[in-house]
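S.K.:
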Amino acid sequence: MAYPNRSRPASRTAGSGASISRTGALCGAFAAVLTAALLHASAPVAVMAAESADGGSEPCQTDAQAPPKRQMRAEWIASVVNIDWPSEQGLTPEEQRAELVGLYDQAEADGLNAVFVQIRPTADAFWPSPYEPWSEWITGEQGVDPGYDPLEFAVEEAHARNLEFHGWFNPYRVAMHEDPGRLVEDHPARLNPDWVFPYGGKLYYDPGIPEVREFVIRAMMHAVENYDLDGVHFDDYFYPYPVSGEAVPDKDTFAEHGRGFTDIEDWRRDNVNLLVAEMDEAVHAAKPHVKFGISPFGIWRNDSSDPAGSDTNGFESYSGIYADSRTWVRRGWVDYINPQVYWEIGLPVADYAVLVPWWERVTEGTGVHLYIGQAAYKAGNEGAWSDPRELARHLEFNRSHPGVDGDVYFSAESLRTNARSAMDAVVERHYAQPALVPVKEGLGGTAPEPPRVGGAERGDGVRLTIRPGRGREPAYYAVYAFDGTPSRGDAPCGIEDPRAMVGTVRAAEGGETVFTAPGGDGGRTYYVTALDRLHHESPPSNPRYVP
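Okay, so the sequence shown: first residue is 1 according to UniProt numbering, each after it adds one.
1. Take the Cβ of residue 305 as the centre, count every other Cβ of all protein chains shown within 10 Å, and call the residue buried at 16 or more, exposed below.
2. Could you check if residue 266 belongs to the surroundings of the ligand NAD, using beta carbon to heavy atom distance under 7 Å?
3. Go to residue 483, then tell me how far its beta strand (DSSP E) extends in each direction, as first and last residue.
4. Can you say whether residue 90 is buried or exposed, counting buried as having 16 or more other CB atoms within 10 angstroms of its CB?
5. On the criterion of 16 or more Cβ atoms from any shown chain inside 10 Å, does residue 132 qualify as buried, or is it exposed?
6. DSSP state of residue 546, grouped into three classes?
7. Got a sec? Which residues, its chain only, sit under 7 Å from residue 289 by beta carbon, not counting five neighbours each side?
8. Buried or exposed for residue 81, please, with buried defined as at least 16 other CB atoms from any protein chain shown within 10 angstroms of its CB.
9. Is it a yes or a no for the region 285-301 touching the region 223-243, going by three-plus beta-carbon pairs under 8 Å?
10. Taking the alpha-carbon positions, what's the residue 404 to residue 73 distance?
11. Could you tell me if residue 244 is buried or exposed, where buried requires 16 or more neighbouring beta carbons within 10 angstroms of its beta carbon?
12. Got a sec, what are the start and stop residues for the beta strand (DSSP E) residue 232 sits in?
13. Compute the beta-carbon to beta-carbon distance between residue 254 and residue 208, rounded to the nearest angstrom, for a pair I have assumed lies under 8 Å.
14. I need the straight-line Cα distance from residue 200 to residue 152, nearest angstrom please.
15. When the Cα atoms are used, what is the spatial distance from residue 419 to residue 375?
16. Taking all protein chains shown into account, decide if residue 79 is buried (16 or more other Cβ within 10 angstroms of its Cβ) or exposed.
17. By Cβ distance below 8 Å, which residues in the same chain neighbour residue 261 in space, the five residues on each side in sequence not counted?
18. With the cut-off set at 8 Å, would you say residue 438 and residue 70 are in Cβ contact?
19. Cα separation between residue 486 and residue 543?
20. Roughly how many whole angstroms lie between the Cα atoms of residue 107 and residue 138?
21. Within the same chain, show all residues whose beta-carbon is closer than 8 Å to that of residue 99, passing over the 5 residues directly before and after it, in chain order.
22. So for residue 34, helix, strand or coil by DSSP?
23. Verify whether the separation of the beta carbon atoms of residue 282 and residue 217 is less than 8 Å.
24. Which same chain residues end up closer than 7 Å to residue 356 when comparing Cβ atoms and leaving out the 5 residues on each side of it in sequence?
25. Checking the sheet assignment: what are the DSSP bridge partners for residue 289?
26. Specify the secondary structure class of residue 383 as computed by DSSP and reduced to three states.
27. Starting from the N-terminal side, write out each stretch of the alpha helix (DSSP H) that is 4 residues or longer and does not extend beyond the region 357-413.
28. Do residue 242 and residue 296 have their C-beta atoms within less than 8 Å of each other?
29. What residues match up with residue 254 in a beta bridge as DSSP calls it?
30. For residue 310, which of 279, 334 and 349 has the nearest alpha-carbon?
31. Taking contact to mean 3 or more Cβ pairs, one atom from each stretch, closer than 8 Å, check whether the region 379-387 and the region 314-332 are in contact.
32. How is the beta strand (DSSP E) around residue 169 delimited, first residue to last?
33. Tell me the DSSP secondary structure of residue 562 in three-state form.
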């Protein structure tokens with residue numbers, strides 16, 4: 001079977017980061033897994049370039065104690081059955097907007113730089129789609145116009161806080177019940193009853209029907225083409241999770257659309273592969289800068305089933321839901337893979353400390369980013385999860401695995417409720433300073449010209465006025481602070497240490513951007529860099545000393 005060919009190999013307000021002296025950075029005491037001292041020590045560490053005889057500089061030296069400057073920090077915001085947003089059906093538009101703003105504000109306060117928002121949970125839409133009805137999870141009644149465009153609002157508010165917005169789609173789930181008669185009359189599943197099957201109390205589109213695959217891609221692409229998404233995101237639902245005593249009712253589909261396969265399970269995996277490859281192709285044909293990623297179940301295969309699998313003994317997505325996630329990575333059909341490693345360190349059947357290195361090896365050399373799905377919803381449960389430091393330990397473990405490019409937390413409401421103490425520990429130990437989203441190579445984009453810092457006023461913080469450089473306007477700016485007057489050692493090398501970063505701000509269109517840095521007592525020098533929407537960073541601006 002031929003697949004499409006891939007030729008492609010932060011926050012609005014200030015962060016909580018302290019300024020860094022010209023001779024170095026505030027030193028963290030990161031040493032080993034489970035350390036509790038990260039970012040609390042204060043001895044200076046040199047992070048400058050060495051001056052050479054001709055007056056130039058050698059490459060910036062890396063401070064091993066510095067936290068990652070680039071790191072995906074995201075949360076899932078689930079809409080199905082009103083898990084996160086809206087919190088219940090039938091809220092007024094004003095109440096819905098206020099809820100989302102509250103979730104975004106908390107994400108910003110927690111140092112996150114992206115949100116993965118579920119906008120097509122059950123073959124329905126959070127935008128005025130010509131293909132599918134308005135979602136019942138907005139108004140309580142499928143097909144009812146909520147009186148505003150939730151997707152437009154969600155994207156605009158995310159970008160206002162300089163959060164990447166990834167639209168989260170569920171390709172094949174039609175309903176959380178199995179009665180087509182409960183769908184609106186013009187629902188595609190009612191107009192095409194042969195497209196769907198009931199299973200396990202839910203209704204699904206049949207992934208083996210070519211017209212279904214074409215339709216769901218077209219329906220999802222409408223959002224990609226008409227909204228300013230930064231990413232397209234799938235979760236782990238393709239074929240349904242198995243229900244004891246119930247078989248997937250697709251034997252007739254296999255007989256009609258088998259494409260020469262003799263094994264129905266291989267055919268099912270190929271159906272999913274076709275969807276992934278074709279969606280990847282469609283997204284990048286329409287908007288090359290938009291990232292496409294998937295969050296599969298955390299175990300591909302156990303090594304008892306396949307030598308290439310992980311040293312685990314749990315449910316296998318390869319054979320259980322026909323998701324060949326390792327192939328998606330190795331074939332380059334995704335820009336990032338976000339496995340749901342929802343288990344604690346040391347769990348015998350599925351050890352976090354086993355699975356993360358396994359996924360790191362899968363992505364090695366592929367150019368595919370690796371983000372780890374974190375089970376915030378388990379925080380506060382029994383066992384290891386009763387310790388609020390469990391999530392922080394996961395990130396400490398990740399620090400020794402440079403192939404990990406960040407983390408995504410399930411889900412937003414958990415971070416405000418049961419996982420609040422756990423997230424406080426994460427913020428204190430790992431997210432005390434902002435982080436830039438990692439650059440995904442092969443999607444285009446270049447760094448803008450360096451900006452200019454004009455006025456600087458002291459007050460409740462330091463109010464900086466930033467002007468874009470010549471040429472293309474940037475998507476946003478990153479602001480760095482150093483103690484004392486300007487010095488050659490501050491930039492460019494100093495900005496490589498994220499502990500100098502005090503925040504990011506979305507660029508105002510066609511003019512000056514104002515950023516208020518924390519602390520108004522003066523005695524610091526500020527530099528600003530400009531970034532495009534794919535996070536390529538310019539050299540630093542002119543220094544602006546605030547006495």
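Glycine residues also receive a C-beta, built at the ideal position from the N, C-alpha and C atoms.
M.R.: Looking at the coordinates:
1. When all chains shown are included, residue 305 counts as exposed.
2. For the structure depicted, the ligand NAD is absent and the ligand set is empty, with no information on it obtainable.
3. Here the beta strand (DSSP E) through residue 483 covers 476-483.
4. With fewer than 16 other Cβ atoms within 10 Å, it is exposed.
5. Buried, by the Cβ-count rule.
6. Of the three classes helix, strand and coil, the one that applies to residue 546 here is strand, per DSSP.
7. Hits under 7 Å: 443, 444, 445, 533 and 534.
8. Exposed is the call here.
9. By the criterion of at least three beta-carbon pairs nearer than 8 Å, the region 285-301 is in contact with the region 223-243.
10. Within the model, the alpha-carbon separation for residue 404 versus residue 73 is close to 12 Å.
11. When all chains shown are included, residue 244 counts as exposed.
12. For residue 232, the uninterrupted beta strand (DSSP E) run begins and ends at 231-234, by DSSP.
13. Their Cβ separation, rounded to whole angstroms, is 6 Å, which keeps residue 254 and residue 208 in contact under 8 Å.
14. Distance from the CA of residue 200 to the CA of residue 152, rounded to the nearest whole angstrom, comes to 34 Å.
15. Each residue's alpha carbon lies about 9 Å from the other.
16. So residue 79 ends up on the buried side.
17. If we look at residue 261 and ignore the five residues flanking it on each side, its Cβ neighbours are 254, 267 and 270.
18. Closer than 8 Å, so yes.
19. Approximately 6 Å between the Cα atoms of the pair.
20. The alpha-carbon atoms of residue 107 and residue 138 are separated by roughly 22 Å.
21. These residues qualify, in order along the chain: 85, 86, 87 and 91.
22. Caution applies to residue 34, whose pLDDT of 23 falls short of 50 and renders its modelled position unreliable; the model cannot decide the point.
23. Their beta carbons are under 8 Å apart, which means residue 282 touches residue 217 by this criterion.
24. So the qualifying residues of the chain are 341, 372, 397, 398, 401 and 404.
25. In the DSSP output, where bridge partners are listed per residue, residue 289 has none listed.
26. In the three-state DSSP reduction, residue 383 falls in the helix class (H, G or I).
27. Entirely contained in the region 357-413, the alpha helix (DSSP H) runs reaching 4 residues are, in chain order, 390-399.
28. Cβ distance not < 8 Å, so residue 242 and residue 296 don't count as in contact.
29. Per DSSP, none; premise fails for residue 254.
30. A check of alpha carbon separations from residue 310 across 279, 334 and 349 identifies 349 as the nearest.
31. By the Cβ criterion, the region 379-387 is not in contact with the region 314-332, since fewer than three pairs of Cβ atoms, one from each stretch, lie closer than 8 Å.
32. Segment 164-169, the beta strand (DSSP E) holding residue 169.
33. Residue 562 falls outside the range modelled here, since the chain spans only 1 to 547, and no answer is possible.
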